[in-house]
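Residue numbers (the numbering used here): 74 to 223.
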(Lines of atoms letter the chains of each structure in order from A; the text may use other names.)
(Lines give C-alpha, C1' and ligand atoms only; values in the text may rest on other atoms or scores of the structure.)
Protein backbone atom coordinates (compact mmCIF):
# COMPACT_ATOMS: atom_id res chain seq x y z
CA UNK A 74 0.00 0.00 0.00
CA UNK A 75 0.95 3.61 -0.56
CA UNK A 76 -0.17 6.48 1.63
CA UNK A 77 -0.85 9.95 0.28
CA UNK A 78 -0.55 12.84 2.72
CA UNK A 79 -3.89 14.65 2.57
CA UNK A 80 -3.11 17.29 5.17
CA UNK A 81 -2.07 20.65 3.71
CA UNK A 82 1.72 20.89 3.43
CA UNK A 83 3.36 24.14 4.45
CA UNK A 84 6.99 25.12 5.01
CA UNK A 85 6.91 23.91 8.63
CA UNK A 86 5.64 20.54 7.37
CA UNK A 87 8.61 20.11 5.04
CA UNK A 88 10.89 20.55 8.05
CA UNK A 89 8.91 17.84 9.90
CA UNK A 90 9.03 15.56 6.85
CA UNK A 91 12.79 16.03 6.44
CA UNK A 92 13.31 15.21 10.11
CA UNK A 93 11.15 12.06 9.99
CA UNK A 94 12.92 10.87 6.85
CA UNK A 95 16.40 11.16 8.36
CA UNK A 96 15.64 8.06 10.43
CA UNK A 97 13.94 6.20 7.55
CA UNK A 98 16.03 6.99 4.45
CA UNK A 99 19.65 6.77 3.41
CA UNK A 100 19.49 8.64 0.06
CA UNK A 101 17.75 11.66 -1.36
CA UNK A 102 17.28 12.07 -5.11
CA UNK A 103 16.65 15.44 -6.73
CA UNK A 104 15.20 15.46 -10.24
CA UNK A 105 16.07 18.16 -12.78
CA UNK A 106 13.71 17.81 -15.72
CA UNK A 107 13.44 21.29 -17.14
CA UNK A 108 15.46 24.49 -16.83
CA UNK A 109 14.50 26.85 -14.06
CA UNK A 110 14.71 30.62 -13.94
CA UNK A 111 15.66 30.76 -10.26
CA UNK A 112 18.71 29.48 -8.43
CA UNK A 113 16.90 27.39 -5.77
CA UNK A 114 17.85 24.09 -7.33
CA UNK A 115 21.47 25.17 -7.51
CA UNK A 116 21.32 26.13 -3.84
CA UNK A 117 20.12 22.64 -2.89
CA UNK A 118 22.78 20.91 -4.94
CA UNK A 119 25.47 23.29 -3.71
CA UNK A 120 24.55 22.63 -0.07
CA UNK A 121 24.58 18.85 -0.63
CA UNK A 122 27.69 18.75 -2.85
CA UNK A 123 29.83 16.83 -0.37
CA UNK A 124 27.12 14.14 -0.09
CA UNK A 125 26.78 13.54 -3.85
CA UNK A 126 26.84 9.83 -4.72
CA UNK A 127 25.93 9.60 -8.40
CA UNK A 128 23.98 11.07 -11.29
CA UNK A 129 21.65 9.12 -13.56
CA UNK A 130 19.60 10.12 -16.59
CA UNK A 131 16.13 8.62 -16.28
CA UNK A 132 12.80 8.64 -18.10
CA UNK A 133 10.85 7.51 -15.04
CA UNK A 134 11.11 8.23 -11.34
CA UNK A 135 8.69 7.98 -8.42
CA UNK A 136 5.68 10.18 -9.00
CA UNK A 137 5.85 10.11 -12.81
CA UNK A 138 4.40 7.84 -15.45
CA UNK A 139 6.65 8.88 -18.30
CA UNK A 140 8.76 11.85 -19.14
CA UNK A 141 11.60 13.12 -21.24
CA UNK A 142 14.98 12.15 -19.86
CA UNK A 143 15.81 13.96 -16.68
CA UNK A 144 18.91 14.32 -14.57
CA UNK A 145 18.59 12.67 -11.17
CA UNK A 146 21.26 13.45 -8.60
CA UNK A 147 21.54 11.07 -5.65
CA UNK A 148 22.94 12.22 -2.31
CA UNK A 149 23.59 10.46 0.99
CA UNK A 150 20.85 11.34 3.47
CA UNK A 151 21.94 11.27 7.08
CA UNK A 152 22.10 13.55 10.11
CA UNK A 153 24.69 15.81 8.45
CA UNK A 154 22.91 16.23 5.12
CA UNK A 155 19.59 16.67 6.94
CA UNK A 156 21.15 19.47 9.02
CA UNK A 157 22.39 21.21 5.87
CA UNK A 158 18.98 20.97 4.17
CA UNK A 159 17.26 22.23 7.29
CA UNK A 160 19.61 25.20 7.58
CA UNK A 161 19.56 26.10 3.90
CA UNK A 162 15.78 25.66 3.68
CA UNK A 163 16.31 25.54 -0.10
CA UNK A 164 14.26 22.36 -0.52
CA UNK A 165 11.23 24.00 1.02
CA UNK A 166 11.49 27.56 -0.26
CA UNK A 167 8.49 29.09 -2.01
CA UNK A 168 10.60 29.59 -5.17
CA UNK A 169 11.45 25.90 -5.24
CA UNK A 170 7.89 24.58 -5.07
CA UNK A 171 7.28 24.78 -8.82
CA UNK A 172 10.54 23.25 -9.95
CA UNK A 173 11.39 20.12 -8.00
CA UNK A 174 10.58 16.45 -7.71
CA UNK A 175 12.34 14.69 -4.88
CA UNK A 176 12.36 11.16 -3.55
CA UNK A 177 13.96 9.41 -0.62
CA UNK A 178 15.27 5.85 -0.62
CA UNK A 179 16.23 3.28 1.97
CA UNK A 180 18.38 0.39 0.77
CA UNK A 181 17.51 1.21 -2.86
CA UNK A 182 13.74 1.32 -2.31
CA UNK A 183 11.69 4.51 -2.39
CA UNK A 184 10.07 5.28 0.97
CA UNK A 185 8.75 8.77 0.17
CA UNK A 186 8.35 10.94 -2.88
CA UNK A 187 7.09 14.43 -3.47
CA UNK A 188 5.98 16.16 -6.65
CA UNK A 189 5.71 19.52 -4.99
CA UNK A 190 4.19 21.47 -7.89
CA UNK A 191 1.32 18.93 -8.08
CA UNK A 192 0.89 18.78 -4.29
CA UNK A 193 1.63 15.05 -4.26
CA UNK A 194 3.42 13.66 -1.20
CA UNK A 195 3.46 9.86 -1.04
CA UNK A 196 4.75 7.46 1.58
CA UNK A 197 5.58 4.02 0.19
CA UNK A 198 6.56 2.35 3.44
CA UNK A 199 3.98 1.27 6.06
CA UNK A 200 6.34 1.84 9.01
CA UNK A 201 7.00 5.40 7.84
CA UNK A 202 3.25 5.91 7.32
CA UNK A 203 2.71 5.14 11.01
CA UNK A 204 5.31 7.76 11.92
CA UNK A 205 3.44 10.35 9.88
CA UNK A 206 0.11 9.36 11.41
CA UNK A 207 1.61 9.78 14.88
CA UNK A 208 2.77 13.26 13.81
CA UNK A 209 -0.86 14.13 13.07
CA UNK A 210 -0.98 13.88 9.26
CA UNK A 211 -4.09 12.55 7.54
CA UNK A 212 -3.19 9.77 5.12
CA UNK A 213 -5.17 8.14 2.32
CA UNK A 214 -4.37 4.47 1.61
CA UNK A 215 -3.87 3.78 -2.09
CA UNK A 216 -2.95 0.71 -4.11
CA UNK A 217 0.79 0.35 -4.67
CA UNK A 218 2.18 1.40 -8.04
CA UNK A 219 4.88 -0.56 -9.80
CA UNK A 220 8.32 0.90 -10.29
CA UNK A 221 11.88 -0.21 -9.81
CA UNK A 222 12.02 2.12 -6.79
CA UNK A 223 9.28 0.46 -4.77
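Quick reminder that beta carbons are idealized off the backbone N, C-alpha and C, glycines included.
Source: prediction; values computed, not measured.
Under a 10 Å Cβ-count criterion, residue 198 is classified as buried, with 16 or more other Cβ atoms of the shown protein chains found around its own Cβ. Between residue 136 and residue 186, the gap from beta carbon to beta carbon is short of 8 Å. Looking at the DSSP output, residue 128 sits in a beta bridge with 146. Here residue 76 carries a strand assignment [DSSP, helix/strand/coil].
Across the set 87, 178, 202, 203, the C-alpha of 178 shows the shortest separation from the C-alpha of residue 134. Ranking 192, 150, 131, 153 by CA distance to the CA of residue 141 puts 131 first. Using a Cβ distance threshold of 8 Å, residue 143 and residue 99 do not count as a contacting pair.
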